[in-house]
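Visitor: For reference, the structure I am asking about is given below.
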Amino acid sequence: FYLQVAAGAKEVSIFGAASELFTQKNINCSIEESLERFEEVMKAAREANIPVRGYVSCVLGCPYEGKISAAKVAEVSKKMYSMGCYEISLGDTIGVGTPGSMKEMLTVVMKEVPVGALAVHCHDTYGQALANILVALQMGVSVVDASVAGLGGCPYAQGASGNVATEDLVYMLNGLGIHT
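Be aware that the sequence shown starts at 1, since it is given in full-length UniProt numbering, and climbs by one per residue.
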């Protein structure tokens, strides 16, 4: 945290997951331990008046556990939001989500975290990212993560593609009359 602030960061992020196995492989601890570690970052960020964005990985599936319960996603999201994250980005890390699973997950999470504090981060492994984003938009989510040319990925999510391509997202949004 302090190195990021010293380098001029105006905002920082914390990265968690709704999967125990993914959390273990990605940051070498349990979900609960990760949340405890985040408390130190949150305290320092509050003292420095630095906003913190929270990321929850594996919200629609995990490369190690398979399907992830929406209740677990909501639990982790609520804890991150309650500790002070201004926004929670819900990541379909391996790109296995469908519009149905996105709707189900968001319905549960939105009971715990206000929709205005949610974002989605959809990988496009099976070509479902834009459809999933459309569902999220229809449910009131207004922040979407994207990357130029769909670049990205995760070393602990073998075979998953990158995030939705910014240019594809902008094309869809323009077609909906939404200008960015």
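For glycine and all other residues, C-beta sits at the position ideal for the given N, C-alpha and C.
Small disclaimer: the values here were computed from a predicted structure and weren't measured.
Measuring only the C-alpha atoms, how far is residue 181 from Ser-13?
Guide: Since the displayed the chain opens at 1 and closes at 180, residue 181 lies outside it and no answer follows.
Visitor: Short of 7 angstroms in beta carbon distance, which residues of its chain neighbour Arg-53, apart from the five on each side in sequence? Order them along the chain.
Guide: Glu-11, Ser-13, Cys-85, Tyr-86, Glu-87, Ser-89
Visitor: Could you check which residue in Ala-71, Gly-150, Leu-134, Ala-149 has the C-alpha nearest to that of Val-143?
Guide: When each option's Cα is compared against that of Val-143, the closest is Leu-134.
Visitor: Would the beta-carbon of Val-96 fall within 7 angstroms of that of Leu-60?
Guide: yes
Visitor: Since Ala-131 contacts Glu-104 with CB under 8 angstroms, what's their CB separation in whole angstroms?
Guide: With 8 angstroms as the limit, Ala-131 and Glu-104 do not qualify as a contact, their Cβ atoms being about 14 angstroms apart.
Visitor: Please classify Ala-17: does DSSP put it in a helix, a strand, or coil?
Guide: strand
Visitor: Would you report the Cα separation of Leu-3 and Asn-26, rounded to the nearest angstrom?
Guide: 21 angstroms
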